[in-house]
Every structure is written in C-alpha cells, then in structure tokens.
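Have a look at the structure below before the remarks.
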Amino acid sequence: GYFREHGMRVVYTRNGAVTPHGQEMTTRLRGRIERGTDNPSIRYRGAPAYEIADEIFPTPDELVVDKLTSSAFHNTMLDHALRNFKITDVVVTGVLTDMCILGTARVASELGYNTLVAEDACSTLTQRAHDEALLMHARVFGRVSTTQDLITEATGTPLGIDAFRRHLTARYLAE
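Okay, here's the thing in structure tokens:
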C-alpha cells in the first residue's frame with residue numbers, strides 16, 4: 096500500500112484469544128463464548144481467521160499488536176511503541192468500523208495522537224453503523240477521510256472534514 100511504498104510505518108493488529116477456549120478474554124467475551132453467541136475457534140492465536148491476510152501480510156520490520164479488546168491500545172505495547180517511533184499522527188483502517196476501528200481511534204485521540212479514520216479502508220456489518228461510527232469519530236475524536244484524499248494530503252494538499260459531515264447529514268436527512 097501507499098504507506099509502505101513511501102516508507103511510512105505500518106502497524107497491524109490481531110484480535111482474539113490466546114487459547115482456543117478464550118479463558119483469558121474479558122468477562123463479556125467469555126460470556127458470549129459460554130452462551131454460544133461467539134465462536135472462539137475463529138479468533139484464537141494460530142487459527143486461520145486470526146492471522147493477517149496474505150495480501151497485506153506484514154514485512155519483518157512491521158509491528159503486529161495482538162489484542163484482547165476492541166482498542167489496540169488497551170493492555171498492549173502500542174502506545175509505548177508509537178511514542179518510541181516518534182509517531183504523532185495515526186491513520187486507522189480495518190474492521191469493524193463501529194467496534195475496533197472506533198475503539199482504537201478514540202483511545203488514540205485521548206492519548207494525544209492526531210487521529211484519522213480512512214472511511215473507505217474500513218467496514219462493518221451495515222452501512223448505517225459504518226457511517227454513524229465515522230460521524231462520531233469526526234464529531235468528537237478526530238478526522239475522517241477517503242484514502243485518496245489522505246494520499247492527496249500526504250503530498251501537500253490540505254484536507255478538511257466538513258464535506259464529509261455534510262455528506263452524511265444529507266444522506267440521513269434523505270432517508
């Protein structure tokens with residue numbers, strides 16, 4: 096991708112249990128597993144779905160953060176690593192927009208990072224949940240942009256969030 100090609104740091108996350116039965120997971124997630132509403136076999140270290148897709152697999156120099164909660168900062172070394180790397184700006188991408196993306200972006204903002212969510216580089220179960228999460232982030236925690244606008248900005252053109260807010264407002268007023 097663009098960041099890797101231009102020498103910018105890329106950090107990956109994986110979310111799931113260390114063990115197949117999820118004993119170390121939060122009480123809420125363990126309860127879902129015990130009730131059968133969550134299948135831990137797809138989200139534990141070593142399971143195929145826990146791994147990063149081959150198409151975007153990290154290089155040996157890229158950091159991989161294993162996490163047990165929606166935020167990549169909670170009980171991980173991510174904040175420490177970013178500060179060691181002298182990172183001040185964070186672009187968040189991935190899945191699920193209304194869970195892990197919003198959780199990670201919110202905590203990044205609260206820790207003082209300039210935080211941007213790339214709206215077309217993340218997704219969730221419904222378009223409305225995706226849009227609402229992006230609007231929440233834009234309204235309270237940071238910025239939202241398309242990847243193309245982010246690349247344009249990275250090459251020196253200023254970018255704002257107002258057009259995105261107007262777009263979402265117009266979409267929901269029309270429904």
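Here the sequence shown is numbered in this note's numbering, starting from 96 and rising by one per residue. Beta carbons: idealized from backbone N, C-alpha and C, even for Gly.
Taking Cβ positions, are residue i and residue j nearer each other than 7 Å?
i, j, result
"P153", "V160", "no"
"A200", "V187", "yes"
"V185", "T219", "no"
"S165", "V202", "no"
Please classify residue i: is it buried, with 16 or more other beta-carbons within 10 angstroms of its beta-carbon, or exposed?
i, result
"V235", "exposed"
"N179", "exposed"
"T280", "Within the shown structure, residues of the chain are numbered from 96 to 270, placing residue 280 beyond reach of any answer."
"D156", "exposed"
"E205", "exposed"
"G198", "buried"
"G102", "exposed"
"M172", "exposed"
"Y139", "buried"
"K181", "exposed"
"E146", "exposed"
"G111", "buried"
"A144", "exposed"
"P135", "Since pLDDT at P135 reaches only 49, below the 50 mark, its modelled position is unreliable, and the value read off the structure follows with that caveat. Buried, since its Cβ has 16 or more Cβ neighbours within 10 Å."
"Y208", "buried"
For the alpha helix (DSSP H) that residue i lies in, which residues bound it at each end?
i, result
"A176", "L173 to N179"
"A203", "L197 to E205"
"Y97", "Y97 to E100"
Spell out the partners DSSP gives residue i in its beta bridges.
i, result
"L211", "V186 and R238"
"L158", "V106"
"Y139", "A112"
"S218", "V190"
What's the C-alpha gap between residue i and residue j?
i, j, result
"Y107", "L229", "20 Å"
"E100", "T122", "41 Å"
"P115", "C195", "21 Å"
"T221", "L191", "10 Å"
"R223", "A148", "26 Å"
"R238", "T183", "14 Å"
"V212", "E119", "29 Å"
"D215", "G117", "32 Å"
"V105", "I151", "11 Å"
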